[in-house]
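If you read the protein sequences in the order shown, they are chains B and R. The opening position of the first sequence corresponds to residue 27 in this note's numbering, with each subsequent residue numbered one higher. The opening position of the second sequence corresponds to residue 253 in this note's numbering, with each subsequent residue numbered one higher. A short write-up of the structure that comes next.
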Amino acid sequence: MAPDLGVTEVPSAPHGTDDRPRRQLVDTKAPAERAFRGLNRGSAVVVLAIFALVGVFLAVRAEPALRVSKFSFLTTQAWQPDIHHFGIAGIMVDTILIAVVAVIIAIPVALGLSLFITEVAPASIKRTLVSLVDLMAAVPSVVYGLWALEFLQGRVVGVSRWLATWADWIPLFRVNGADPSNPVQSGTLYSASTFIVGIAVSLMVIPILCSVMRESFAQAPLGEREGAYALGGTRWGMIRTVVLPFGKGGIIGGTMLGLGRALGETIVVILIISPVFTINSHILQSGGNSISGLIANLYSESDAFGTSALMAAGLALFALTLAINFAASAVVARSRSGAESDG
Amino acid sequence: MTLLEDPTTGRPAGGDVDAPVDRPTVPAGRRRVGGIQGGMLRNLGGAALAGISGSILVALLTGLSGPIGLAIVAYVLFVVTYAVLVSLTEDRPAVTDAVMTVVMASSAVLAIGALAVVIFFTLARGWGALIHLNTYTQDLSSAGPTAPLTRGGIGHAIVGTLWMIGIAVVLTVPIGLVAAVYLDMTRSRPARMFRTVVEAMSALPSILAGLFIYALWILTLGNQHSGLAAALALSVMMLPYMIRASDLALRLVPGNLREASAALGAPSWRTEMQVVIPTARSGLATAVILGVARGIGEASPVLLTAGYTPYINGNPLHGPMASLPLVALKLVLSGSPGFTERAFAAASFLLLLVIILFVTARKVGGWGPGHLSDRGLRKVREASARDAARYARSQAATDGAAGVTVPATPPVHDPPPLEHP
């Protein structure tokens with residue numbers, strides 16, 4: 027700063043202006059500034075209010091059903107609101123099964139895909155790949171649903187039959203009534219299953235996982251990358267020792283975000299699965315359910331009490347996805363740095 | 253020096269010094285990272301052959317059927333064979349590298365291939381109806397399950413979709429943009445909390461948005477199923493998505509532009525309105541288009557709130573309305589083959605709309621923040637030249653008033669060349 031040098035006049039300053047105190051960047055008293063900030067804050071409050079209302083209205087509408095069922099709502103494996111015998115124990119487990127199958131299929135593909143995009147693909151392919159993955163996220167779920175129903179289902183039945191025949195020592199892959207010695211046994215035993223829905227839903231969550239992972243992999247520092255190469259490492263060696271450790275937060279966070287998305291998928295479930303209300307842990311076998319599928323299937327034929335029960339199920343889904351999403355964004359946010367770019 | 257041989261294990265340098273070494277301890281030459289190397293294609297080809305023939309063998313021996321199962325077996329055999337082939341000439345880290353590169357590339361091929369199959373299968377099944385004009389102009393009121401594709405169509409769904417998405421855009425774009433500006437202007441604790449909430453809500457299951465509007469608008473306020481209710485449900489679903497995408501677009505604006513604006517004495521709201529938002533314009537447009545693309549394809553919020561009708565309904569305030577994804581869903585659930593065909597037509601049309609929106613978004617957003625078209629660039633230069641002239645005039649006026657002779661110097665800024673590059 028100038029004062030020590032005794033210079034009072036800055037040569038480039040316009041003539042005729044004295045030094046004035048530094049202008050406040052945020053002049054909170056100026057009416058325009060106040061109005062602008064008020065508008066911004068107001069819209070944020072409106073948005074928060076809408077989000078809060080979602081939870082509040084589901085809770086208010088769910089209250090009559092929850093008052094009747096009490097804790098048995100969480101432990102009952104049935105859905106008969108007419109005789110006050112209903113609960114989400116079975117449906118919730120089936121919902122989670124679908125989501126977990128989808129995410130387990132999606133993780134390796136998304137991991138390989140995002141590593142390929144950030145580390146392997148030449149720049150020209152990279153842009154196209156990123157666009158295609160984004161397009162994958164934009165394809166409507168009803169399109170995936172129709173495809174899964176008409177294309178995928180018939181082709182997966184063979185895999186399901188084979189798994190049930192050769193891997194039935196794993197309880198998850200067991201199919202009741204499967205008869206491997208009967209080659210003409212109908213495929214209906216293996217269709218409409220959690221496994222098929224999981225494959226279709228995995229296509230929808232792959233882009234979510236991929237974009238979060240890609241972002242975190244791209245942030246692995248250049249110095250460490252070059253260090254790994256300088257030690258004679260191969261590209262995979264560099265990925266394993268630099269990129270993956272730095273991207274751990276992105277991998278975990280992206281997976282949780284994908285799980286949250288998979289838990290709420292409706293259309294594929296109601297198109298494919300034949301609904302059951304008990305726990306069906308045999309993922310290859312026909313039958314399963316999800317809370318969103320339950321709501322979509324039953325809302326139009328429910329009386330007031332049945333609707334209230336559906337609202338209670340919706341509230342449970344709301345709480346579950348919100349918890350997972352909050353945790354996921356906390357994990358992702360902690361692994362993210364550099365909120366602003368410089369150009 | 254075993255570490256040099258395998259730097260990827262992270263073993264301490266002295267760990268294996270006494271171990272018998274039967275391979276060269278230092279790689280023969282400089283390690284090549286990336287690119288296609290000699291013999292690689294030959295190995296890949298041989299491994300592919302082994303995979304295909306092996307899978308046929310497995311199919312014959314264990315009774316595996318279906319193209320998907322065969323492909324999985326063929327792929328596993330392919331990777332194993334490739335690893336063996338590479339290990340004939342390379343050391344262990346190089347083999348791992350080669351195998352993992354193939355695995356990464358194949359997961360990209362798998363994902364993009366699945367996308368291609370979904371798109372082409374849907375378009376192929378819907379094509380039969382898409383080529384008839386009546387598909388777009390007529391509704392389904394007069395066409396039963398056995399009616400030929402030259403009668404009836406999805407006009408009611410197109411009208412409904414336009415109404416719903418139009419209303420949803422009018423509702424969400426202003427609120428979403430302003431909320432994103434709020435996030436951009438402050439780094440305070442409430443703003444961070446707001447961002448977390450928005451991120452969590454953007455993954456809210458879309459059926460809950462429908463259930464919420466069903467509970468509020470239809471059950472509590474006593475309204476009927478209508479296009480407006482569906483638009484409200486779509487808005488609840490699209491809002492967090494719009495805010496997040498706009499927030500990302502605003503965050504991409506270089507920080508030094510804001511600083512330059514502040515240094516010129518602009519208050520923060522002017523910086524936001526005249527520097528940040530115009531710079532991020534293409535990113536914001538992309539956010540809106542992608543939000544529309546997402547909202548247009550959602551069936552579950554509409555399912556609970558719009559009702560369904562086979563008639564064209566041009567009034568979103570009254571009576572049930574259909575939308576493209578809803579029609580596709582209802583028709584395929586009806587189970588008759590004729591309706592399934594029409595469901596694919598609706599889904600194909602929807603898919604084409606989404607692809608068009610998506611390509612538009614890429615075109616608009618493909619430019620980085622602050623990119624200008626030729627015309628925009630010319631306008632900016634003209635404005636800049638005008639400003640320069642104005643500065644020169646006001647400078648002259650000030651100097652004249654102060655009794656100083658007007659310097660015959662050029663204005664502060666060199667006027668940029670006006671001619672088109």
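We put the CB at the ideal spot given by N, CA and C, even for glycine.
Minimum Cβ-Cβ distance from residue i to chain R less than 7 Å
i, result
"Arg200 of chain B", "no"
"Pro166 of chain B", "yes"
"Thr347 of chain B", "yes"
"Ser69 of chain B", "yes"
"Thr292 of chain B", "yes"
"Trp173 of chain B", "yes"
"Asn66 of chain B", "yes"
"Gly280 of chain B", "no"
"Ala149 of chain B", "no"
"Ala244 of chain B", "no"
Collapsed DSSP secondary structure at residue i in the structure displayed
i, result
"Tyr105 of chain B", "For the sequence presented, residue 105 of chain B should be read as Trp rather than Tyr. Trp105 of chain B: strand per DSSP, three-state reduction."
"His570 of chain R", "coil"
"Ser334 of chain B", "helix"
"Phe62 of chain B", "helix"
"Gly314 of chain B", "strand"
"Ser513 of chain R", "helix"
"Ala356 of chain B", "helix"
"Phe112 of chain B", "strand"
"Ser150 of chain B", "helix"
"Pro233 of chain B", "helix"
"Ser219 of chain B", "strand"
"Pro90 of chain B", "helix"
"Ala497 of chain R", "helix"
"Arg200 of chain B", "coil"
"Asp349 of chain R", "helix"
"Ala349 of chain B", "helix"
"Gly507 of chain R", "helix"
"Gln390 of chain R", "coil"
"Leu401 of chain R", "coil"
"Trp521 of chain R", "helix"
"Trp195 of chain B", "coil"
"Ser328 of chain B", "coil"
Own chain residues within Cβ distance below 6 Å of residue i, not counting five before or after
i, result
"Ile371 of chain R", "none"
"Ile299 of chain B", "Ala218, Val223, Gly314"
"Gly306 of chain R", "Leu329"
"Asn508 of chain R", "none"
"Gly559 of chain R", "His477, Pro572"
Cutoff 7 Å; reference residue i; Cβ partners in own chain excluding five residues on either side
i, result
"Phe264 of chain B", "Phe is not the amino acid found at residue 264 of chain B; the sequence shown has Met there. Result list for Met264 of chain B: Arg251, Ala254, Tyr255, in chain order."
"Thr102 of chain B", "His111, Phe112, Gly113, Ala115"
"Ala335 of chain B", "Ala91, Pro107, Phe112"
"Val273 of chain R", "Because Val273 of chain R carries a pLDDT of 48, less than 50, the predicted location of this residue cannot be relied on, and the following value inherits that uncertainty. Cβ within range, chain order: n/a, list empty."
"Pro673 of chain R", "Because the pLDDT at Pro673 of chain R is just 40, under 50, the model does not fix this residue reliably, and the value given afterwards should be weighed accordingly. Within the same chain, Pro673 of chain R has no close Cβ partners at all."
"His384 of chain R", "Leu401, Thr402"
"Gly549 of chain R", "Pro577, Leu602, Val606"
"Leu175 of chain B", "Leu297, Ile298"
Residue i at chain B interface by Cβ criterion, 7 Å
i, result
"Thr374 of chain R", "yes"
"Thr348 of chain R", "yes"
"Pro577 of chain R", "yes"
"Leu468 of chain R", "yes"
"Glu451 of chain R", "yes"
"Arg642 of chain R", "no"
"Pro519 of chain R", "yes"
"Phe446 of chain R", "yes"
"Tyr434 of chain R", "yes"
Run of the alpha helix (DSSP H) containing residue i, from where it starts to where it stops
i, result
"His408 of chain R", "407-437"
"Gly535 of chain R", "533-548"
"Ser180 of chain B", "Checking the sequence shown, residue 180 of chain B turns out to be Gly, not Ser. 179-192 is the extent of the alpha helix (DSSP H) around Gly180 of chain B."
"Tyr563 of chain R", "Premise fails: Tyr563 of chain R is in no alpha helix (DSSP H) and is neither H nor E."
"Tyr16 of chain B", "Residue 16 of chain B is absent from the model: chain B starts at 27 and stops at 369."
"Val554 of chain R", "552-557"
Contact test: residue i Cβ vs the ligand COA heavy atom, cutoff 6 Å
i, result
"Gly365 of chain R", "This structure simply doesn't include the ligand COA, nor any ligand for that matter."
Same chain, Cβ closer than 8 Å to residue i, five either side skipped, listed in chain order
i, result
"Val185 of chain B", "none"
Note to self: Runs of 4 residues minimum, wholly inside the stretch 582-632 of chain R: which ones carry the alpha helix (DSSP H) assignment?
What the structure shows: The qualifying runs are 589-617.
Next item on the list: Counting only runs of 4+ residues fully inside the stretch 233-308 of chain B, write out the alpha helix (DSSP H) ranges in chain order.
Entry: Taking 4 residues as the minimum length, the alpha helix (DSSP H) runs contained wholly in the stretch 233-308 of chain B are 248-256, 261-264, 274-289, 293-298, in order along the chain.
Item checked: Start-end ranges of the alpha helix (DSSP H) lying completely within the stretch 301-346 of chain R, minimum 4 residues -> Here the runs fully enclosed are 319-339.
Note to self: In chain order, what are the residue ranges of uninterrupted alpha helix (DSSP H) at least 4 long that sit wholly in the stretch 429-494 of chain R?
What the structure shows: Fully enclosed alpha helix (DSSP H) runs of 4 or longer: 441-454, 458-465.
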